[in-house]
Amino acid sequence: MSKIFTVSILGCGSRGHYTYGKCMTEKFGDKFKILSVCDTDPEKIRLAQEAWGISEQNCFLDSDEFLKEKRSDALVIATQDRDHVKMCIRALELGYDILLEKPISPIEDELYELLEAYKKHKKKVIVCHVLRYAPAFLKLKEVLDSGEIGKVVCIDWIEQVTYWHQAHSFVRGNWRNDEETSPMIMQKCCHDLDLLQYYVNSACKTVYSVGDVSFFKRENQPKDASDRCQTCKYIHDCVYSAERLYVKKREKDFDWAFDKPDVDDEARKQGWPFNVVDLTRPITEQSIRKAYENSNYGRCVFACDNNVVDNQTVVMQFENGIKANLTMTAFTALPGRKITFHGTLGELEMDEENDYIRISRYGHGTRFLSIKEICALAVNDNFGHGGGDLMLVKDFYDALQGTGELGTTLERSIESHLMALAAEKSRKTGEVCYVHK
Ligand SMILES: NC(=O)c1ccc[n+]([C@@H]2O[C@H](COP(=O)([O-])OP(=O)(O)OC[C@H]3O[C@@H](n4cnc5c(N)ncnc54)[C@H](O)[C@@H]3O)[C@@H](O)[C@H]2O)c1
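Count along the sequence shown starting at 1, add 52, and that's the number in the numbering used here.
Structure (C-alpha cells):
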C-alpha cells in the first residue's frame, strides 16, 4: 500500500479547492489526505469543511495563525499572487514540502529571496507550471528532441485568452489590476514563457514587447450604457454583458458550433468560471444572476478599474540563436494555444482547440496526432489543463515519496518570471531588454 501524505491548503478558492483539493481527494484519495485549511473567507472554509470533513480546530481564517506551526506533511499555497513568497518562505521555515501556485511573485527581489530560502531549508517546492506536465505538451518536446524537424530556427506562439475569459478574470475579476496581482504577461503567459525555454533548451537573452489595453476602457463604452449590467439597456445585446456570460452562456455554450460530446453539461454548469462568481451550491440560474448583480462580476467591462493589457506581443531571442514570437490576445472566440515550430527539416504545429499536433517533414509528408488521444492514453481523464493539473499532483506525490523527480526546478520556474518582467519593462519603455543584466 502506498503512503498517504497529509496536506494543508492555504487559499481555498478556485485553484486550492476545485483543482488541487478536488484532485487530491477525488483522483488520489489513496495518496493524500487533507487535514487542515486556511482562507480569509468563511464561506470558502465552510465549503472546504463540507467537502472534506475537516475538523473545526483545523480550519483557519488567519494565515499568520495558520502558519504558526506545521500542520501536515505538505502544503498547497493557492492564495493571490502577491502573498505567495512570504507564505512560502514561512512554510519552508516550518519544514513543509510545498505546491506553490504560479506566478511566484511579480517582484524580482522576492524571486531571489525565495530561492535563497529554498536552498537553505532543502524542502521541495513545485511551482504550478502545469503545462510542463500535460501529455500533449510533453509530446511536443519529444518530437523536437527526436530531431524529426531538424534544428528549430523560429517559433510562432499564440495564447488565445478568449473574449469572455478576459472579461471575467482580467477586466472584472481578480487579475484586472497589476498593482494588486501581476502583469498580464506574467499572470497569463508565464506558462508559455516557461515552456518556450524548455523547448528551446536555452536561456532567453533579449525581449522586445508591445501591448496595451486597447478595448476595455471608458472611451469604448456605448452611449447611454450603465456601469452595471443589470440596469443597462444593452444587457441582452452586449457580448460582454454579465447576463450573457454568466446566465446565457451557462445555459448553453454558444461559442461552440456544436455540443461537445465529451463535456458533462451539468458539471460544466457547476464548474469554472460560474463557481467563482457564485458560491451557492448547487448553482442555479437565479443564484448566479443574484451573484453577478451583487459583485464586481456585474460591472460594465468599459467601466472597471482594470489596467492589465488585452493584447501583447513579445519577440524573444535565445542564447542559442532561436527566435520566438508570442502573442497573447483577448480577442478570440475559442481558447487554447496555437504553436508552430519552424525547423530546418520540417514543421511542428499544435492547435489545442482543434485537437491536433501536425508533424510535417519537408518532402516526406505530414502526419496528425490527436491531442485528446495523447491525453487519454497518458492520464485517461479530462482534468484541467490537458491533464497537466493531474500529472503535476501525481509528480508531487512521487517526489514526496522519493520515487520520482519533479518535472522542473524552482530555478527554471524563476527564469520564466524574469522573462515576463523583462517583457513588461520593454512594453513600458519601448526598449529591447535583457533578461539577465
Ligand atoms: N496554475 C495555473 O494554471 C493557474 C490558473 C489560475 C490561477 N492560478 C493562480 O492561482 C492562485 C489562486 O487563484 P484562484 O483562481 O484560486 O483565486 P481565488 O480568488 O479563487 O482563490 C484565492 C483564495 O485565497 C484566499 N485568500 C486570499 N488572501 C488570503 C490570505 N491572506 N490567507 C488565506 N487565504 C487567502 C481567498 O479568499 C480565495 O479563496 C493565483 O495566484 C493565480 O494566479 C494559477
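Glycine included, each C-beta is placed from N, C-alpha and C at the ideal position.
Could you give the uninterrupted runs of the beta strand (DSSP E) lying entirely in the segment 327-401, keeping only those of 3 residues or more? As far as the segment 327-401 is concerned, its whole beta strand (DSSP E) runs of at least 3 residues are 363-370, 375-381, 388-395.
Buried or exposed for L247, please, with buried defined as at least 16 other CB atoms from any protein chain shown within 10 angstroms of its CB. A residue is called buried once 16 or more other Cβ atoms fall within 10 Å of its Cβ, and L247 is buried on that count.
Using the three-state DSSP reduction, which class does I287 fall into: helix, strand or coil? Note: I287 maps to coil in three-state DSSP.
Can you tell me which of R341, G415, H220 puts its alpha carbon nearest to the alpha carbon of K300? Scanning R341, G415, H220 for the CA closest to the CA of K300 turns up R341.
By how many angstroms is the C-alpha of D279 removed from the C-alpha of K240? Looking at the two C-alpha atoms, the distance is approximately 26 Å.
Could you give the distance in angstroms between the alpha-carbon of I106 and the alpha-carbon of E483? Using only the alpha carbons, I get a separation of about 52 Å.
Start and end of the beta strand (DSSP E) containing V195? Premise fails: V195 lies in the alpha helix (DSSP H), 187-198, not in any beta strand (DSSP E).
D311 burial status per 10 Å Cβ neighbour count (16 or more: buried): Within 10 angstroms of the beta-carbon of D311 lie fewer than 16 other beta-carbons, which makes it exposed.
CB R413 to CB G395, shorter than 7 Å? Against a cut-off of 7 Å, the Cβ pair of G395 and R413 comes out as no contact.
DSSP three-state assignment for F268, whether helix, strand or coil: F268 carries a coil assignment under DSSP once its states are collapsed to helix, strand and coil.
Skipping 5 residues on each side, what residues in its chain have a beta carbon closer than 6 Å to that of W381? The amino acid at residue 381 is misidentified as Trp; the sequence shows Thr. In its chain, beyond the 5 residues on either side, N363 have a beta carbon closer than 6 Å to the beta carbon of T381.
Residue of R228, C356, A376, E318 minimising C-alpha distance to K269: That would be C356, whose Cα lies nearest to the Cα of K269.
Assigned exposure category for T460 - 16 Cβ within 10 Å defines buried: The Cβ neighbour count for T460, taken over all protein chains shown within 10 Å, is at least 16; the residue is labelled buried.
With H, G and I counted as helix, E and B as strand and the rest as coil, what does DSSP make of L119? Shown here, L119 sits in coil according to DSSP, grouped into three states, outside any helix or strand.
When we look at the beta-carbon of F420 and count the other beta-carbons within 10 Å, is it buried (16 or more) or exposed? By the neighbour-count rule (16 or more Cβ atoms within 10 Å), F420 is not buried but exposed.
Please report the straight-line C-alpha distance between E78 and I86, rounded to a whole angstrom. Between the C-alpha atoms of E78 and I86 there is a straight-line separation of about 11 Å.
Quick check on R320: buried or exposed, where buried means 16 or more other Cβ atoms within 10 Å of its Cβ? R320 should be labelled exposed.
Could you check where the beta strand (DSSP E) with S88 kicks off and where it finishes? Start and end: 84-90.
For the alpha helix (DSSP H) containing R67, name the first residue and the last one. The continuous stretches of alpha helix (DSSP H) do not include R67, and DSSP gives it neither H nor E.
With hydrogens ignored, establish whether the beta-carbon of V138 is closer than 6 Å to any heavy atom of ligand 1. As written in the sequence, residue 138 is Lys, which differs from the Val given in the question. Checking every heavy atom of ligand 1 against the Cβ of K138, none is found closer than 6 Å.
Please tell me whether, using a cut-off of 6 Å, the distance from the CB of G63 to the nearest non-hydrogen atom of ligand 1 is below it. Under cutoff, so the answer is yes.
Cβ of S60 within 7 Å of Cβ of S88? In this structure, S88 lies closer than 7 Å to S60 by Cβ.
What residues in its chain sit with their C-beta under 6 Å from that of C284, if we drop five residues either side in the sequence? Within the same chain, C284 has close Cβ partners A277, S278.
Since D91 and G63 are thought to touch, with beta carbons under 8 Å apart, how far apart are those beta carbons, to the nearest angstrom? Their Cβ separation, rounded to whole angstroms, is 6 Å, which keeps D91 and G63 in contact under 8 Å.
Please classify L144: is it buried, with 16 or more other beta-carbons within 10 angstroms of its beta-carbon, or exposed? Counting Cβ neighbours within 10 Å, L144 comes out buried, since at least 16 surround it.
Member of T131, I56, N110, A103 whose CA lies at the smallest distance from the CA of G68: Comparing Cα-Cα distances from G68 to each of T131, I56, N110, A103, the minimum goes to T131.
Taking the C-alpha atoms as reference points, what is the distance between G202 and R410? Approximately 15 Å between the Cα atoms of the pair.
For Q218, does the count of other Cβ atoms within 10 angstroms reach 16, so buried, or fall short, so exposed? Burial call: buried.
Within the present structure, is the beta-carbon of S115 separated from the nearest heavy atom of ligand 1 by less than 6 Å? True, at least one ligand heavy atom lies under 6 Å from that Cβ.
Can you give the Cα-Cα distance for E232 and F84, rounded to whole angstroms? Rounded to whole angstroms, E232 and F84 show a C-alpha spacing of 32 Å.
What does S211 pair with, by DSSP beta-bridge criteria? Note that residue 211 corresponds to Glu in the displayed sequence, not to Ser. For E211, the beta-bridge partners assigned by DSSP are M380, R389.
Where the alpha helix (DSSP H) through Y408 begins and ends: Run containing Y408: none in the alpha helix (DSSP H); it sits in the beta strand (DSSP E), 408-413.
Kindly indicate if chain C contains any beta-carbon less than 7 Å away from that of P235. Looking at the structure shown, chain C is missing, and only one protein chain is on hand.
E162: beta carbon under 6 Å from a heavy atom of ligand 3? With respect to small molecules bound, the structure shown includes ligand 1 and not ligand 3.
CB of I150 within 7 Å of CB of V177, strictly: Contact: yes.
Please go through the same chain and pick out, in chain order, the residues whose beta-carbon is closer than 7 Å to the beta-carbon of M76, but skip the five residues on each side of it. V59, F84, I86, V445, listed in sequence order.
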